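Asks: Residue numbers (our numbering), protein chains in the order written: chain F, 14 to 362; chain R, 14 to 362; chain U, 14 to 362; chain A, 14 to 362. A virtual CB, placed ideally from N, CA and C, is assigned to each residue, including glycine. A quick note: this is a predicted structure, and the numbers were derived from the prediction, not measured.
As structure tokens, then:
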């Protein structure tokens, strides 16, 4: 069953939503072979028992991380909780490349990590080695990385439209408001009261107002692009839907610039990109049009207020916001075409 | 059946969602007697045929506006489309008081109306007479009004938290961003493609970005409060839910002011109000906690950016954003206790 | 604050959905005074912390059952898990009347209880005393009861349409299929994986096929009506909605009988009932038309197969299927008008 | 762009949900080339204007049927309304093979068609030629067909589990109850009041009780399998979800047979089938586990009533219930592997 030319893959934390989404792509990826799946609580079960939609697929059973035979693994996707992740990754053999979907290696500054996540970082050396996996922006570094820190869903939706604009100084770095709306899978598969159907259905609310842990991650990327420290206003909202993430971003134009200039700059920055699309004037993206696919689609509008613009970006939080981008990074780390195994059409409706 | 001391009420356009919601309140209102219901397309049908949840209630059948016996009507709620509304209202006898839920009389400036609604206003004299029905703010004028223009849902959610802050100059009038999320009943009951379940369910999108007709209505109220022209950034979003409207509002503090000052000012402004509530520090409202009730609940947060704050307000778009506030205005216009017939508890979940 | 003529009420297990729903009705009930609320895990918190939609109401804080001052309680609603319930109720002073919303006292046969719930009944004497609280059917006994076992949601939706038909032998007792669809609040507020939004949204499935614990409860009621042992086919389904329960019931007509005969019999049986309604020919009920109200609405149809009929009944699982019926029983036990505090109109949409 | 070895395809009625779903599969199908798309109302527009999720794909624009160059079409998928369909298909050149997703050619008996659809069939000769496209059952005929009548969604979910059981006389043909629950896309993309979000969300109802047009189609298939006339009880329900269809089927076992016998017979009948799966004892399917994929999954249970069983089948109404099965038929008609272009994994959640 093993093909020498295939990448042998372990998915750690395979029983959650990002794990399941990785399996959806990997099972049909021409260059991937899944050799190990782990899930501490469900270890010993077959994968289809926990993910019934995969019950008809040929998959390894669920094991504990400690049971994985790493000699049969070339690359690991890590879908574990933050904190736990750094310990697990620190223990992996050096030949295993890693795409980490947790937050543990996203913040270059371990002090910022400690402040946001309430615990000292226990693998600062690994943190130095980690490359931030926003593929379109850090492609060259990702190609050479052993450890890629896959971006958070909110940061992906905010950085892709904003980074080119900040790099070209088309907008004011000091005045950015990001209002984001996410489907509930962003909160994971853990049985938390706030994720119950009856606490999410038929309603909307903001959470983590001005305190969400993705904010420093957003700041980090925007600051690098602006060449100065950026602090963004950022409010996430929980939506009554499974998937999808929309960010509405309010910006101040640099002197003399127009919304059309922003659109033009984004079109130029992402020309030829398979997974980032800029809409023509007047069109606004919808999360339902990117359901299940590795796309970030952005619309650009002149604001009613003079000298300002509004950007609206849509992703599927589990795909371009997590597992799809992780596969994109795997492809890039492995010298494969970046789009391999990701060429899907959105499931609409 | 008629009680001389009761207000005899007509609901024009009774077959839509705001009409149905008025009937929910009026049927249990101690001082209301429903004497006429109209629905042009469904005229001749019994009301329960169009609104089956009311089939067991004692209600007049649906008639055309032209068929109403106005001698039996003291007060009319008008739930007709804009444009049509001004003609109908212009034709009503003077003894009939009116709460208009359309947009036709909300904008004091008929030129602004023409610009926003794409048609010349045909009843400018009536417009002069109309009072804007944001009850907590214009209570005194409403008491004496014959014609009350009931506010739009978005403007209600934006103005209630912002007006006291602008009046007291606690925030900068020139830098206000309002990001709003509304349930789909805000679009009415007309069979439009964009309101189909499969075009709304499991997704979110912005619409009318920088062009929505509620924006000039918001500006009008904020300008009056600030004593200068205010233009707000405003983006509405369509949510996969029936009811509820959340506005996340980003403001710049006046020099030396804090988020706590804003909360204090709102608590003071709305102390003793039955239908406007300010949450303590750290709490954020959810639309599901105001489902079906005439409440606007607001949370106040310090922003991550220095010198800025974030306000989050929640209403039920059909209640405080439409029919509930209309009843509140009727009560006020009729010398009744403002809370009469509105003392409900939210339907959660 | 205490009024001697009011019923002083404790709600045990007040932090869940049936508890919250009881509070919605009790807070506006003219003859009710809430003197104690319990919630073991949340004891010590104010009620609004756990049920934020009640934060603006005047309510006691949450205590443990052991802390309740029973001298200030006339009647207790018990919303505790089965098993726990019988111990708690066995420990209550005799002056306290009880409406129990758990399953512990619904099955007259303690052996049937043991089989369905996997544990020996520990209060068989109390079980003998308990009256089954399907109000329209057992009204006379309920009036005199100290302990009323409030029916399950599925059994309510199935028994109300079927009992009159079985009593009058209009249908064959041996051939009854009940296919039920319930909103997710029926599973309670506990953080279980199967109740997560992402495990319920955008999908439907059957559960407990042929093994659900409500089946013996249904059989018990149908058997009593038929005067012989009835075993019904029964399949519950979990729906992507908060509230509502629809039962589609397939029956075989007694020789010579028609669907019209069934409708006529139901109309006669429930003539004058405030909370049970039979639809005219051709109409089918929808759960959204009974949202939030204490109604059971039934439609009756001739089947395509000769000699058979289909009944469709709709309730709100939290109201007529739980807390609304519980209040109805309280009213009856207290000599109050049965509809007191329950005269609401459905929240549509 | 044209490859001589590819099947050149027209999709008639491409702007609706089944059309869009065909495009999702066809755009990634190795042997398909889309040469024409029609949509009468939207003719002249680019396809991405009506189906924004396809805006980044290379697709012909929308034309009218009358404008199609049939010399460039080998096979047409027909997603037009019934009635219209037979006229359009009658007008197509003979070299064009057709998979018709409408109801116009499903019923072999044109009198039955007239009774169900309220109009005389105007292409009875074509009807004689048409093959019913339930692929697993009529594979041999489909291979040779020019015109395949793709089954309805409800009939697919009912026939796949029942036909093998009737053929082998394991169940009583005279006592079959089919209770089905469908997502709202089954009603199409037309702007009808009953398909509005607010009329479907947060609720469930039965419709077309004992009168739905899919019932004669179900009877036709079951009768052929049983070798006698079968009339099934059938009730469809509208669910608050986009996609998915669950049928709960209540059957009487033939003398001496068990639920295990049914499961065994289904396993044997569908052994080796890629798109029909039978679950092991105790497992029940969920529509969310077949979202977006061409699968019918069935669970089999002993009923509580002796001598009876319950089958639960799940499909995606737009895939195995419409467009996926249509591609499966195209593959079979074209001598391609049946699974080509259909090998997807469900989008969960």
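(1) Which whole-angstrom value is the C-beta distance of residue 160 (chain R) and residue 111 (chain R), which I expect to be below 8 Å?
(2) Whole alpha helix (DSSP H) runs in the region 256-326 of chain F with 4 or more residues, listed along the chain?
(3) If you check the beta carbons only, do residue 86 (chain R) and residue 49 (chain R) fall under 8 Å apart?
(4) Just checking: is the beta-carbon of residue 300 (chain F) within a distance shorter than 8 Å of some beta-carbon in chain A?
(5) Starting from residue 148 (chain U), follow its DSSP beta bridges and name the residues at the other end.
(6) For residue 231 (chain F), report the span of its alpha helix (DSSP H) as first-last.
(7) Do the CB positions of residue 210 (chain A) and residue 303 (chain R) come within less than 8 Å of each other?
(8) With burial defined as no fewer than 16 other Cβ atoms inside 10 Å of the residue's Cβ, what is the status of residue 84 (chain A): buried or exposed?
(9) Please report whether the beta-carbon of residue 90 (chain A) lies at a distance below 8 Å from any beta-carbon of chain U.
(10) Taking the beta strand (DSSP E) that residue 38 (chain U) falls in, what are its first and last residues?
(11) Name the two residues that bound the continuous beta strand (DSSP E) containing residue 51 (chain R).
(12) Just to confirm my understanding: we take residue 129 (chain R), look at its own chain, exclude 5 residues before and 5 after, and list those with CB closer than 6 Å. What are they?
(13) Less than 8 Å between the C-beta atoms of residue 42 (chain U) and residue 340 (chain U), yes or no?
(14) Rounded to whole angstroms, how far is the Cβ of residue 345 (chain R) from the Cβ of residue 169 (chain R), which I believe are closer than 8 Å?
(15) Might you give, ordered along the chain, the residues of its own chain that have their beta carbon closer than 8 Å to the beta carbon of residue 366 (chain F), omitting 5 neighbours on each side?
(16) Give the list of continuous alpha helix (DSSP H) stretches no shorter than 4 residues that lie fully inside the region 84-123 of chain F.
(17) So with CB distances below 8 Å, who are the chain U contacts of residue 259 (chain A)?
(18) Assuming residue 61 (chain A) contacts residue 68 (chain A) (C-beta within less than 8 Å), just tell me the rounded distance between them.
(19) Excluding the 5 residues flanking residue 323 (chain A) on each side, which residues of the same chain have their C-beta closer than 6 Å to its C-beta?
(20) Going by beta-carbon coordinates alone, are residue 267 (chain F) and residue 328 (chain F) separated by less than 8 Å?
(21) Please look up how many angstroms separate the CB atoms of residue 331 (chain F) and residue 30 (chain F), rounded, as I've assumed it's under 8 Å.
(22) Give me the residue from R:252, R:237, R:167, R:279 with the minimum Cα distance to residue 193 (chain F).
(23) How many whole angstroms separate the CB atoms of residue 174 (chain F) and residue 145 (chain F), which I take to be in contact at a CB cut-off of 8 Å?
(24) With burial defined as no fewer than 16 other Cβ atoms inside 10 Å of the residue's Cβ, what is the status of residue 133 (chain R): buried or exposed?
(25) Grab me the residues of residue 73 (chain R)'s own chain with a C-beta within less than 8 Å of its C-beta, minus the 5 sequence neighbours each way, in chain order.
(26) Run through the region 335-361 of chain A for me and flag every whole alpha helix (DSSP H) of 4 or more residues, listed as ranges in chain order.
(27) Can you pull the chain F residues whose beta carbon is under 7 Å from the beta carbon of residue 208 (chain U), in chain order?
(28) Going along the chain, which residues of the region 294-327 of chain R sit with their C-beta nearer than 9 Å to a C-beta in chain U?
(29) Express the C-alpha separation of residue 250 (chain R) and residue 257 (chain R) in angstroms, rounding to a whole number.
(30) Specify, as a first and last residue, the run of the alpha helix (DSSP H) that residue 212 (chain F) falls within.
(31) DSSP three-state label for residue 66 (chain A), please.
(32) What does residue 198 (chain A) reach in chain R if we use C-beta pairs closer than 9 Å?
(33) Does chain R have any CB closer than 8 Å to the CB of residue 21 (chain A)?
(34) Could you tell me the boundaries of the alpha helix (DSSP H) in which residue 203 (chain R) lies?
(35) Please return the same chain residues whose Cβ sits closer than 8 Å to the Cβ of residue 274 (chain F), not counting the five positions on each side in sequence.
(36) Name the two residues that bound the continuous beta strand (DSSP E) containing residue 138 (chain R).
Replies: Here's the rundown:
(1) Between residue 160 (chain R) and residue 111 (chain R), the beta carbon gap of about 5 Å places them in contact (Cβ cut-off 8 Å).
(2) 272-282
(3) yes
(4) no
(5) Answer is none; residue 148 (chain U) lacks a bridge partner.
(6) For residue 231 (chain F), the enclosing alpha helix (DSSP H) starts and ends at 227-239.
(7) no
(8) exposed
(9) No, residue 90 (chain A) lies away from the interface with chain U (no Cβ there is under 8 Å from its Cβ).
(10) For residue 38 (chain U), no beta strand (DSSP E) segment is defined; the enclosing uninterrupted segment is the alpha helix (DSSP H) at 30-39.
(11) Residues 45-51.
(12) Around residue 129 (chain R), the same chain offers 226, 229 as residues with beta carbons nearer than 6 Å, after the five sequence neighbours per side are excluded.
(13) yes
(14) About 15 Å separates the two Cβ atoms, so there is no contact after all.
(15) Any question about residue 366 (chain F) goes unanswered here, given that chain F covers just 14 to 362.
(16) 97-103
(17) 217, 218, 219, 250
(18) 3 Å
(19) If we look at residue 323 (chain A) and ignore the five residues flanking it on each side, its Cβ neighbours are 263, 314, 316.
(20) Pairing residue 267 (chain F) with residue 328 (chain F) gives a Cβ-Cβ distance that is not under 8 Å.
(21) 6 Å
(22) R:252
(23) About 17 Å separates the two Cβ atoms, so there is no contact after all.
(24) So residue 133 (chain R) counts as exposed.
(25) 47, 48, 49, 50, 60
(26) 337-346
(27) Chain F residues near residue 208 (chain U): 209, 210.
(28) 296, 298, 299, 301, 302, 303, 304, 305, 306, 308, 310
(29) 12 Å
(30) Here the alpha helix (DSSP H) through residue 212 (chain F) covers 210-213.
(31) helix
(32) 210, 211
(33) False, the Cβ-Cβ gap to chain R never drops below 8 Å.
(34) Unbroken run through residue 203 (chain R): none, as it is neither H nor E.
(35) For residue 274 (chain F), where only same-chain residues beyond five positions count, the Cβ hits under 8 Å are 183, 266.
(36) First-last for residue 138 (chain R): 137-142, but that is the alpha helix (DSSP H), not the beta strand (DSSP E).
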